[in-house]
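Chemist:
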Amino acid sequence: MENNFFREYARRGFLRDLLYNNITSVKEIWELQKKLNIDIQPNTVMAVTVDNYHSQTRNKSEIQRQNLRLAVLKCIEEASAKFDAMAINMEEDLYAVLFYMESSEIEPVEKAVSIGKYLQEYVETKTGVSVTVGIGRRYKDILDLHLSYKDALLACHHKFFIGKSQVIHIENIVPFSEGLELFSIEVESQLSVKILSCDKEGAFQILDELLEDIIEHKFVNPIIMKARLIEIITTIVKVGLEAGAEQEKLGILSGRFVQEVLRSDTILDLRNQMREVISGVIEEISQGRRHMNLQVFEEAIEYINDNFDKDITLEDVSGYVHISPYHFSHELKKFTGMNFIEYLTKTRIKEAKKLLLTTDLSIGEISNQVGYDDPSYFGRVFKSMEGMPPSKFKVSKKIHM
Amino acid sequence: MIYKSPNGSKISCKGWQQEGLLRLLLNCLDPDIAKSPQDLVAYGGSGKVARNLAALNAIVEALKTIENDETLVIQSGKPIGVFRTHDFAPRVMMAGALLVPKWANWDYFQELENNGLTAYGQSTAGSWAYIGTQGILQGTWETFSQVAKRHFNGTLKGKLVLTSGLGEMGSAQPIAITANGGVVIIADVNRNIIKRRLISSVIDIKAESVEEACEIAKDYIKKEEPISIGILGNAADVYEYFVEHNITPDIVTDQTPAHDLKSYVPSGLFTEQAKQLRKKAPQTYEQMVKDTIRRHVTAMIELKKRGSIVFDYGNNLRGQGYKAGIKDAFCFPGFAAEYMRPLFCEGRGPFRWVALSGNPEDIYKTDEIILSLFKQDKRLEEWIDFVQRRFTFHGLPARVCWMNYRERATFGNIINDMVRQGELSAPVAITRDHMDAAAVASPYRETENMKDGSDAIADWPMLNVLLNCSSGASLVGIYHGGGVGIGYSIHSGMTVIADGTEEAKQRLSMVLKADPALGVIRYADAGYEEAEDIIKTTTFPAKTFL
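Written out as structure tokens, the structure reads:
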């Protein structure tokens, strides 16, 4: 019993060493196989990857993740046993299946794909987890088995374009082009413009056109494509910073999405991640803008407070804070509920009241000090706001005091 | 139709002699071994195991039905009759691709072959003894080990070999050189081949330029560590670089396809461009090839003058150089005459055995016997260690070892005992390549430049096959044109099945002595003292008249 237990651990170590090309002698391999009761001579490798593992498990506990991994492993082992294959887990979301393909197989690719399909459907039906299977070439020399594993991994990477839940044989894929002429600089600047103007839909459209172009015309190596998209994220973030978004928030945002982009399993996944980055940056920019409006507003108020004794106009104030008179008036109304004249009047009357109560200045002098040239006009305005003329206001308040 | 040898201990023939031969035949067509099994081609361009499909089926059927006192006779891959002979006679007897000398050329042969009258069996394809690439690897390993022995105290440590060609045969070079401790720079014009050889660890590293290759080599020579460095480039250009930069490698050879000028790629072109030009402008192409060959050979001659050990690796490079106008193209030797001949003189040759069980363990057990029986032979030990590490068995597991006449007989007897005692799980077929001392007459390779001028004498392979026949081999055959092509060689094949019986013991004891001993006599007769010494100083198994 205990022997079996240890043998199972040794077996897994042996299989991993085979796939990582850590054993250098054919005879040593043969002897280990004998000791570990492995009676098949694997010459082909399948890689099984859990689709969207990282995004699926992001919010799950480590125990939940472990359960998922073990359930998938168990199913792969069960399915593998049906065609005399051996299964092991290689990484968190990656498993390898080693099996023997007859050299006499007339249609080896079709045969391997049918085995792969069986395995994939078995796992998906039993666990409900979507998996993609990549299949390597048959290598007749056992020392070359690691090459079959590499093939299988490469085949898996092709789900990036084909989509998840696939069985992909290395012989059936068009090799990724290594071209770097991926997206033009113009695309980047077009995207920047859309983001600056907070045009989310427009930015999405540019992104979609870009990705569609890639799918249609060139099978770019996903890693190159991701690297380039990360560059674009950097550009977008820079645009955001220049437009006044908060540095810290953008930092966190870009850090998170660089990771997500790298982990994207399929081009759809990547599209969603890129959309989120764009939305995030646009959101930050407009929040920053709102923040900035308040500042502008405060500056304008301060200007009014300092200058209400002069003959100031709406144009003077909006000019001072570099905003259009219409826009300023609109914003002022939004924040205070008053238009410019109403606000200016309110400010002047407030100051006049203070002067009436605290000084012995004449009504004419006060009128002049709060910006009215004509004291009788001042009197009328005062009365309309306070319900009494300034002289009466002064007497009644003073009595109360 | 897919062919594969049966394995295990159950047989479908009337005896193990027939069963063993049937398994060897089908093993030559195993998809993991054969070059083109659907065309019945085992290897070497067009080396076939039978004339056509009908002939193959008839042979298989005959092997299953012939009695233990009958002999199946095969003419160039076609069965022509089963004769009542006797128990001790061969079960299969062949002659393949033979032509009367006046008509012995490729054109005429091909005409006859197209008319279905003959078949080209190369060497071991025709005699059903092909076992895959282990033979090539061993031959190359043996050559470089001989070079090391002759010139560098038995090791290539700290030595630089310059060579070229990473095709099927050529790719054994870097493996064999590094296994002998040496550093090798090997050029090939095919980018994809270099990539493939790098992936499968045939070469250790790819250099971006000759300069870089030399830098890496220098480093490893200093450390006395082996490394194989591949470079993309034409042999002529690369060899000239060495001449121009005053770098003199210790050893220079090459395995470009110089024997076939249609495959040889001229300087300035890569594989794909060469293919196009060959089609579009064959005359321009031919001229370019000639110019390149001239430069290629001239550079090798210059490196020889400066002190490199230079040899032709059996691809007729010297011959092509001569034709292209290099008068002293033959100033450097061919590998067989230079390095294999001393081995032939002592009756040492490419001996091999095949586990008919299909079980690798049988071969590993015989490896153990070799290691304990010949433990004073360090080279043999190194070879077994090397081949066990690097070589995966395909089809029927087999082993190749160069052994002399005494070792072969002793070892054959032990194998037969092991079969009898059940230590091996089934009988073993004992056979050899045709490139053996008495087995081949080939004036451009094995018998080039013989001391007495007997290069083209073909009596020896003929006598060899007659002698093996009367000594009790299970299969004997005589063939024409293997290795160097029609008109250039006559050679013989033989196989004995060690099935553990007393009869097999007698067959083995006689064949495994007579077969190589005739080779020793052939070289003694030609005036080689090493061979004469062996006859005089050992208990030689034949009376001689020398």
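Chains as they are written, first to last, in our numbering: chain A, 1 to 401; chain B, 1001 to 1546. We treat Cβ as the ideally placed atom computed from N, Cα and C, and that holds for glycine.
1) Going along the stretch 133-154 of chain A in order, which residues come within less than 8 Å of chain B, judged by CB to CB distance?
2) Would you say residue 24/A faces chain B, with C-beta separation under 8 Å as the test?
3) Mind checking residue 252/A: buried by the 16 CB within 10 Å criterion, or exposed?
4) Specify the secondary structure class of residue 1540/B as computed by DSSP and reduced to three states.
5) According to DSSP, is residue 1234/B helix, strand or coil?
6) Checking contacts by CB at 8 Å: is residue 1200/B closer than that to chain A?
7) In this structure, how does DSSP classify residue 1099/B when only helix, strand and coil are distinguished?
8) So that I know if they touch, is there some Cβ in chain B lying closer than 8 Å to that of residue 177/A?
9) According to DSSP, is residue 108/A part of a helix, a strand, or is it coil?
10) Excluding the five sequence neighbours on either side, which residues of its own chain have a C-beta within less than 7 Å of the C-beta of residue 1060/B, listed in chain order?
11) So that I know if they touch, is there some Cβ in chain B lying closer than 8 Å to that of residue 279/A?
12) Tell me, please, whether the CB atom of residue 418/A is closer than 8 Å to any CB atom in chain B?
13) Given a threshold of 16 other Cβ atoms within 10 Å of its Cβ, counted over all protein chains shown, does residue 1038/B qualify as buried or as exposed?
14) Using three-state DSSP, classify residue 1121/B as helix, strand or coil.
15) Nearest to residue 1295/B by CA position, among 1175/B, 1241/B and 1084/B, is which residue?
16) Taking one C-beta from the stretch 257-270 of chain A and one from the stretch 296-316 of chain A each time, how about it: are there three or more such pairs within less than 8 Å?
17) Which word fits residue 1054/B, buried or exposed, when buried means at least 16 other C-beta atoms lie within 10 angstroms of its C-beta?
18) Throw me the rounded Cβ distance for the residue 1096/B and residue 1126/B pair, which I believe falls under 8 Å.
19) Taking a Cβ distance cut-off of 7 Å, strictly less, list which residues of the stretch 12-37 of chain A are near chain B, in chain order.
20) Considering only the beta carbon of each residue, do residue 1124/B and residue 1434/B sit closer than 8 Å?
21) Please report whether the beta-carbon of residue 1360/B lies at a distance below 8 Å from any beta-carbon of chain A.
22) Taking the alpha-carbon positions, what's the residue 1133/B to residue 80/A distance?
23) In whole angstroms, what is the alpha-carbon distance linking residue 1399/B and residue 62/A?
24) For residue 143/A, tell me which candidate among 287/A, 333/A, 304/A and 16/A has the shortest Cα-Cα distance.
25) For the alpha helix (DSSP H) that residue 1360/B lies in, which residues bound it at each end?
26) Taking CB distances under 8 Å as the criterion, tell me whether residue 165/A reaches chain B.
27) Can the beta-carbon of residue 1092/B be found less than 8 Å from the beta-carbon of residue 1072/B?
28) Going by C-alpha distance, which of 1001/B, 1010/B and 1045/B is nearest residue 1026/B?
29) For a contact defined as C-beta to C-beta under 8 Å, what are the partners of residue 1388/B on chain A?
30) Taking 8 Å as the threshold (beta carbon to beta carbon), is residue 1014/B in contact with chain A?
31) Does the pairing of the stretch 1313-1323 of chain B with the stretch 1415-1423 of chain B give three or more beta-carbon distances under 8 Å?
32) Whether or not the stretch 1322-1338 of chain B and the stretch 1270-1278 of chain B are in contact is what I'm after, with contact meaning three or more pairs of Cβ atoms, one per stretch, closer than 8 Å; do they touch?
33) Only counting the same chain, and skipping five residues up and downstream in sequence, which positions put a Cβ closer than 7 Å to that of residue 1437/B?
34) Would DSSP call residue 1547/B helix, strand or coil?
35) Give the straight-line distance between the Cα atoms of residue 1486/B and residue 1136/B, rounded to the nearest whole angstrom.
36) Note down, one range per segment and in chain order, each alpha helix (DSSP H) of at least 4 residues found wholly within the stretch 1001-1032 of chain B.
Modeler: Let's see:
1) Flagged, chain order: 140, 141, 142, 143, 144 and 147.
2) Chain B contact via Cβ: present.
3) With fewer than 16 Cβ atoms within 10 Å of its Cβ, residue 252/A is classed as exposed.
4) Secondary structure of residue 1540/B (DSSP, three-state): coil.
5) Here residue 1234/B sits in coil by DSSP.
6) True, the Cβ-Cβ gap to chain A drops below 8 Å.
7) Three-state DSSP puts residue 1099/B in coil, outside helix and strand.
8) No, residue 177/A does not count as interfacial toward chain B.
9) Note: residue 108/A maps to helix in three-state DSSP.
10) Hits under 7 Å: 1022.
11) Chain B, which has no Cβ nearer than 8 Å to the Cβ of residue 279/A, makes this no.
12) The requested residue 418/A does not occur in the structure, where chain A is confined to residues 1 to 401.
13) With fewer than 16 Cβ atoms within 10 Å of its Cβ, residue 1038/B is classed as exposed.
14) In this structure, residue 1121/B counts as coil in the three-state DSSP scheme.
15) Taking each of 1175/B, 1241/B and 1084/B in turn and checking the Cα distance to residue 1295/B, the smallest one comes out for 1241/B.
16) The answer is no - the stretch 296-316 of chain A does not touch the stretch 257-270 of chain A, with fewer than three Cβ pairs under 8 Å.
17) So residue 1054/B ends up on the exposed side.
18) Right, the Cβ-Cβ distance comes to about 4 Å (below 8 Å), so this counts as a contact.
19) Contact residues of the stretch 12-37 of chain A toward chain B are 24, 25, 26, 27 and 30 (C-beta to C-beta distance below 7 Å).
20) The answer is yes: Cβ separation under 8 Å.
21) Among the CB atoms of chain A, one or more fall inside 8 Å of the CB of residue 1360/B.
22) Their Cα atoms are separated by approximately 33 Å.
23) Rounded to the nearest angstrom, the two C-alpha atoms are 53 Å apart.
24) Closest option to residue 143/A, Cα to Cα, is 16/A.
25) Run containing residue 1360/B: 1360-1373, per the alpha helix (DSSP H) assignment.
26) Taking Cβ atoms only, chain B never reaches closer than 8 Å to residue 165/A, which makes this a no.
27) Against a cut-off of 8 Å, the Cβ pair of residue 1072/B and residue 1092/B comes out as a contact.
28) By alpha-carbon distance to residue 1026/B, the top candidate from 1001/B, 1010/B and 1045/B is 1001/B.
29) At a C-beta separation below 8 Å, residue 1388/B has these neighbours in chain A: 25, 26 and 27.
30) Taking Cβ atoms only, chain A never reaches closer than 8 Å to residue 1014/B, which makes this a no.
31) With the cut-off at 8 Å, the stretch 1313-1323 of chain B and the stretch 1415-1423 of chain B do not touch.
32) Cβ pair count under 8 Å is below three, so no.
33) For residue 1437/B, same chain residues with a beta-carbon under 7 Å away, outside a window of 5 residues either side, are 1344, 1347, 1349, 1516, 1519, 1520, 1522 and 1523 in chain order.
34) This structure leaves residue 1547/B out entirely; chain B is present only between 1001 and 1546.
35) Within the model, the alpha-carbon separation for residue 1486/B versus residue 1136/B is close to 21 Å.
36) Given a length threshold of 4 residues, each whole run of the alpha helix (DSSP H) inside the stretch 1001-1032 of chain B is given here in chain order: 1016-1027.
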